[in-house]
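> My questions all concern the structure below.
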Amino acid sequence: MHNQIDSAWVVIRGNVFDITALYGGGGGTGSRPSSPKKIHQLLLAFAGKDLSGFFTDEGRPLYRISKDGVKVPVFAPVKVKNRATGEYWWNDRSLRIGRITARERPLRVRNSLTFKVQELVVCEEDTIAMIQRKFLRFNGNATNYRWRSNIDISDAAADLRLDKTLTENGIVYDRYPPAPLVWIFYQIPEGMRLDHDQTSGGDSHGQPTITSASSAVPPTTEANNGTSPSSTQVATCSAGS
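Counted from 1, the sequence shown has number 161 at position 147 by the numbering used here; the numbering is strictly sequential.
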């Protein structure tokens with residue numbers, strides 16, 4: 015939930031800020047001693063929440079006129095600065111880590127070589143190329159696969175557009191399970207050749223053996239290979255993740 019002193023995030027108009035460094039965490043230099051001041055405690059009390067109501071559409075603090083006729087911020091912790099940069103935390107680009115996704119998209123990816131299914135959650139705004147990069151944690155050769163949702167068509171026209179999102183590729187959101195299924199088909203990298211073992215049909219995992227002039231480079235199987243046919247990994251859904 016990112017609402018603790020060692021992991022504190024807030025949201026302002028869709029932008030996600032990691033304010034952990036203000037409390038001496040997150041690898042930053044910290045902006046104050048370990049005993050929080052009241053204004054820092056107040057900010058921490060709102061960690062894990064959306065603070066957009068205290069800010070304008072442009073992300074600037076809202077102000078009001080006090081009974082003494084003084085202009086004061088509606089949300090007092092906007093006065094807190096990051097000592098590492100000298101910037102107010104809400105205006106500090108080093109603390110802004112991304113944007114909130116419009117919607118999380120559960121997805122199933124089936125490897126056509128192993129038939130194993132990997133489940134993960136991506137962002138509505140993620141393009142297929144971005145999803146491929148996230149999938150590298152499960153398969154180190156994710157970018158060497160053709161990604162398809164329709165396996166009835168065998169030509170390249172069936173490949174998902176790498177510069178388009180799931181929705182833009184015709185894979186619409188459905189709140190009810192099962193999650194959409196995408197197939198990945200291995201393609202031989204340029205400069206390499208595919209050697210099939212005539213007796214086993216590949217290596218011990220059912221993967222074809224890829225060799226170059228200098229060495230063999232077998233495709234990496236999913237992280238759950240050899241354990242279970244399916245596992246789930248939830249990805250952080252903020253832009254730039």
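Even for Gly, the Cβ is constructed at its ideal location relative to N, Cα and C.
1. What does the alpha-carbon distance come out to for the pair Phe31 and Leu150?
2. Whose C-alpha, out of Val135, Ala22, Pro87, Trp161, is nearest the C-alpha of Gly62?
3. I need the boundaries of the alpha helix (DSSP H) containing Ile142, first residue and last residue.
4. Considering Cα atoms alone, identify which of Ala116, Lys95, Val135 is closest to Ser108.
5. Out of curiosity, what's the CA-to-CA distance linking Gln9 and Arg175?
6. In chain order, what residues of the same chain lie with their CB nearer than 6 Å to the CB of Pro87, ignoring the 5 residues before and after it?
7. What are the boundary residues of the beta strand (DSSP E) that includes Ile198?
8. Which class does Tyr37 belong to by DSSP, given the choice of helix, strand or coil?
9. Only counting the same chain, and skipping five residues up and downstream in sequence, which positions put a Cβ closer than 7 Å to that of Gly28?
10. Whose C-alpha, out of Leu195, His16, Arg119, is nearest the C-alpha of Ser126?
11. Starting from Leu121, follow the alpha helix (DSSP H) in both directions and report where the run begins and ends.
12. Whose C-beta lies closer than 6 Å to the C-beta of Ala143 among residues of the same chain, with five residues either side of it excluded?
13. Can you tell me the Cα-Cα spacing of Ile165 and Phe152, whole angstroms?
14. Throw me the rounded Cβ distance for the Ile26 and Trp104 pair, which I believe falls under 8 Å.
15. For Ile185, which option in Lys51, Pro120, Leu36 has the closest C-alpha, if you only look at C-alpha atoms?
16. Here's the rule I'm using: 16 or more other beta-carbon atoms within 10 Å means buried, otherwise exposed. How should Thr179 be labelled?
17. Considering only the beta carbon of each residue, do Ile33 and Ala90 sit closer than 7 Å?
18. Below 7 Å between beta carbons: does that hold for Val24 and Leu65?
19. If we ignore side chains and look at the alpha-carbon of each, how far apart do Met15 and Ile111 end up?
20. Looking only at its own chain, which residues have a Cβ that is under 7 Å from the Cβ of Asn17, when we skip the five neighbours before and after it?
21. Mind checking who Lys85 pairs with in its DSSP beta bridge?
22. Between Trp197, Lys148, Arg147, Gly154, which lies nearest to Ser168 when the distance is taken from Cα to Cα?
23. Pick helix, strand or coil for Ala22, following the three-state DSSP scheme.
24. Using the Cβ count rule (16 or more neighbours within 10 Å means buried), how would you classify Thr2?
25. Which stretch, first to last residue, makes up the beta strand (DSSP E) that contains Ile111?
A quick look at the data gives this:
1. Taking the sequence shown and counting its residues from 1, one reaches residue 31 at position 17. Taking the sequence shown and counting its residues from 1, one reaches residue 150 at position 136. Going by the C-alpha atoms only, they are around 26 Å apart.
2. Working through the sequence shown from its first residue, we reach residue 62 at position 48. Among Val135, Ala22, Pro87, Trp161, the Cα nearest to that of Gly62 belongs to Ala22.
3. Working through the sequence shown from its first residue, we reach residue 142 at position 128. 142 to 149 is the extent of the alpha helix (DSSP H) around Ile142.
4. Along the sequence shown, one-based indexing puts residue 108 at 94. Nearest of Ala116, Lys95, Val135 to Ser108, Cα basis: Lys95.
5. A query on residue 9 cannot be resolved here, the shown segment of the chain reaching from 15 to 255 and no further.
6. The residue given as residue 87 occupies position 73 in the sequence shown. Result list for Pro87: Pro75, Tyr77, in chain order.
7. Residue numbering aside, residue 198 sits at position 184 when the sequence shown is read from its first letter. First-last of the beta strand (DSSP E) with Ile198: 195 to 200.
8. The residue labelled residue 37 in the question sits at position 23 within the sequence shown. If DSSP states are grouped into helix, strand and coil, Tyr37 belongs with the helices.
9. Position 14 of the sequence shown, counted from the start, is the residue given in the question as residue 28. So the qualifying residues of the chain are Arg113, Ile114.
10. Residue mapping note: residue 126 aligns to position 112 of the sequence shown, counting from 1. Here the closest residue by C-alpha is Leu195.
11. Here the question's residue 121 lines up with position 107 in the sequence shown. That residue, Leu121, is in no alpha helix (DSSP H); its beta strand (DSSP E) goes 118 to 125.
12. Within the sequence shown, the letter at position 129 stands for residue 143. Taken in chain order, the residues that qualify are Leu176.
13. Position 151 of the sequence shown, counting from 1, holds the residue named residue 165. Position 138 of the sequence shown, counting from 1, holds the residue named residue 152. About 22 Å.
14. The sequence position of residue 26 within the sequence shown is 12, counting from 1. The sequence position of residue 104 within the sequence shown is 90, counting from 1. So it is a contact: roughly 6 Å between Cβ atoms.
15. Against the sequence shown, residue 185 aligns to sequence position 171. Ranking Lys51, Pro120, Leu36 by Cα distance to Ile185 puts Pro120 first.
16. By 1-based counting over the sequence shown, the position of residue 179 is 165. When all chains shown are included, Thr179 counts as buried.
17. Within the sequence shown, the letter at position 19 stands for residue 33. Within the sequence shown, the letter at position 76 stands for residue 90. No; because the gap between Cβ atoms is not below 7 Å, this pair is not in contact.
18. Taking the sequence shown and counting its residues from 1, the one referred to as residue 24 is at position 10. Taking the sequence shown and counting its residues from 1, the one referred to as residue 65 is at position 51. Against a cut-off of 7 Å, the Cβ pair of Leu65 and Val24 comes out as a contact.
19. Counting from one through the sequence shown, the residue named residue 15 turns up at place 1. Counting from one through the sequence shown, the residue named residue 111 turns up at place 97. Note on geometry: alpha-carbon atoms of Met15 and Ile111 lie some 15 Å from one another.
20. As a working note, residue 17 is residue 3 in the sequence shown. Here the set comprises Ala61, Gly62.
21. Here the question's residue 85 lines up with position 71 in the sequence shown. DSSP lists Ile79 as partners of Lys85.
22. Locating residue 168 in the sequence shown gives position 154, counting from the first residue. When only C-alpha atoms are compared, the closest one is Trp197.
23. Locating residue 22 in the sequence shown gives position 8, where the first residue counts as 1. Strand, per DSSP.
24. Here the chain has residues from 15 to 255 only, and residue 2 is not among them.
25. In the sequence shown, residue 111 corresponds to position 97, counting from 1. From DSSP, the beta strand (DSSP E) with Ile111 extends over 110 to 113.
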